[in-house]
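This note's numbering applies: residue 182 is where the sequence shown begins, and numbers increase by one.
The beta carbon of each residue, even a glycine, is placed where N, CA and C say it ideally should be.
Everything numeric in this text was worked out from a predicted model, so none of it was measured.
To start, the structure itself, in structure tokens.
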Amino acid sequence: MKSIRKILFKLTFPVIVVLFLASSSSAFIGEAAAVKVLLDFLLRMNLNKIGEDLVVYAMDICRDHFVEILLLNPNPMNPDVLGITRYIVTIMEPLFVFAIIFSGIYMIFFSGSPGIRAKIKSLLPGIIIAMVLIAISPYIMSVIFSFSETLSDGIISQGPGDPVGILLPLDKDINPIDYLMSKFHNITWYSSEASVPFLFLSLIIISALLFVIFSRYIVVALFTIVFPLTIFLYLFMPTRGIGRRMMEQTLLWISVQVTEAIALTSIATIIVVFSSLLTREVLILLELGGIIALIVVPIATVSFLRDFLP
Numbered sequence: 182m183k184s185i186r187k188i189l190f191k192l193t194f195p196v197i198v199v200l201f202l203a204s205s206s207s208a209f210i211g212e213a214a215a216v217k218v219l220l221d222f223l224l225r226m227n228l229n230k231i232g233e234d235l236v237v238y239a240m241d242i243c244r245d246h247f248v249e250i251l252l253l254n255p256n257p258m259n260p261d262v263l264g265i266t267r268y269i270v271t272i273m274e275p276l277f278v279f280a281i282i283f284s285g286i287y288m289i290f291f292s293g294s295p296g297i298r299a300k301i302k303s304l305l306p307g308i309i310i311a312m313v314l315i316a317i318s319p320y321i322m323s324v325i326f327s328f329s330e331t332l333s334d335g336i337i338s339q340g341p342g343d344p345v346g347i348l349l350p351l352d353k354d355i356n357p358i359d360y361l362m363s364k365f366h367n368i369t370w371y372s373s374e375a376s377v378p379f380l381f382l383s384l385i386i387i388s389a390l391l392f393v394i395f396s397r398y399i400v401v402a403l404f405t406i407v408f409p410l411t412i413f414l415y416l417f418m419p420t421r422g423i424g425r426r427m428m429e430q431t432l433l434w435i436s437v438q439v440t441e442a443i444a445l446t447s448i449a450t451i452i453v454v455f456s457s458l459l460t461r462e463v464l465i466l467l468e469l470g471g472i473i474a475l476i477v478v479p480i481a482t483v484s485f486l487r488d489f490l491p
């Protein structure tokens, strides 16, 4: 019964306020001005509510599922993934057969120069190794994912409790996103236009944090599907340049899981250690810097840790 009354109050109270403003405004400033006041009031009220709901929803996802999503990897043994992988392998099989037959025929029936014969002879072990690795590529990816996930989980478990809860505390006085939203709420009642930057900044920061870890999962899933092709291109000398770049990106995007776990744990530890020594404003800036660091770390990982494969 109380909940029904609460809902009715929430529905009727804004209407009563609007009607009161309408009658007051029309009495003092005329009908046209009253309509403008009403529209402006409704805009501010709706913008305030929608903005708050979006930010709260995004923060709830971060608090409840950020670590879970960060530790999530695609399953190479999933039937759908295996189906696509096997299809790619099926397309590549004739290439391997042709390469082996061509190399054998050339070495047996054509003399050629010793240098060319040596190059062709050196291709055979690479082709055979590539065939074996491609056949077991889903298992290779499973081992890599398991190692990365275990290492990342171990790093996070060494941190001070819930790292995301430390970065986005429930206490609104020291939560950087809530701080920005409080500015948005305060300014909205005076100027809708002036308050919008605070709303957008809050949404962009929290959305970018989620976007980064979702993007990592999607990119890793795509590289998992084409991993057999990556192996082939890397081990086949004429295409090694393309294969090396694909292999590096595959390993780097997987390692983002580890670097992000290190960054998250380090930031949470720093906040816990220095929180009692810092003022509220400095603590908010430190937390905000930590969120931005989590957004930048994946980009830095895949951008600067390149060219490590031969």
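Where does residue i fall in DSSP's three states?
{"i": "D241", "result": "helix"}
{"i": "N367", "result": "helix"}
{"i": "P306", "result": "helix"}
{"i": "D488", "result": "coil"}
{"i": "P255", "result": "coil"}
{"i": "P378", "result": "helix"}
Of the residues the options, which one's Cα is nearest the Cα of residue i?
{"i": "I452", "options": "I472, R461, L467", "result": "L467"}
{"i": "S396", "options": "M240, L253, R244, D234", "result": "L253"}
{"i": "Q339", "options": "A449, L469, A474", "result": "A449"}
{"i": "F489", "options": "I435, M428, S457", "result": "M428"}
{"i": "T482", "options": "I435, S457, L305, G285", "result": "I435"}
{"i": "G342", "options": "A389, I325, R244, D261", "result": "R244"}
{"i": "F485", "options": "T440, F455, V324", "result": "T440"}
So, under 8 Å CB-CB, residue i and residue j are touching, yes? Tell me the CB distance rounded to an integer number of Å.
{"i": "V407", "j": "I269", "result": "7 Å"}
{"i": "V319", "j": "M258", "result": "What sits at residue 319 in the sequence shown is Pro, not Val. Right, their Cβ atoms sit about 6 Å apart."}
{"i": "V393", "j": "I476", "result": "6 Å"}
{"i": "K364", "j": "F379", "result": "5 Å"}
{"i": "D438", "j": "S333", "result": "Note on identity: in this sequence residue 438 is Gln, with Asp being the wrong assignment. Indeed they touch by this definition, with Cβ atoms about 5 Å apart."}
{"i": "I317", "j": "I281", "result": "With a Cβ gap of about 19 Å, I317 and I281 do not count as contacting."}
{"i": "L416", "j": "I310", "result": "6 Å"}
Can you list, in chain order, the residues of its chain with a C-beta nearer than 7 Å to that of residue i? Leave out the 5 residues immediately preceding and following it.
{"i": "M240", "result": "L349, I358, I387"}
{"i": "N356", "result": "L349, P350"}
Would you give the residue range spanned by the alpha helix (DSSP H) that residue i belongs to?
{"i": "Q438", "result": "421-455"}
{"i": "V463", "result": "461-485"}
{"i": "L332", "result": "318-338"}
{"i": "G346", "result": "344-348"}
{"i": "F413", "result": "408-416"}
Only counting the same chain, and skipping five residues up and downstream in sequence, which positions put a Cβ closer than 8 Å to that of residue i?
{"i": "F283", "result": "none"}
{"i": "I315", "result": "V270, M273, P409, I412, F413"}
{"i": "I473", "result": "I386"}
I'd like the list of long-range same chain contacts for residue i, defined as Cβ closer than 6 Å, with 5 residues on each side in sequence excluded.
{"i": "I250", "result": "I394"}
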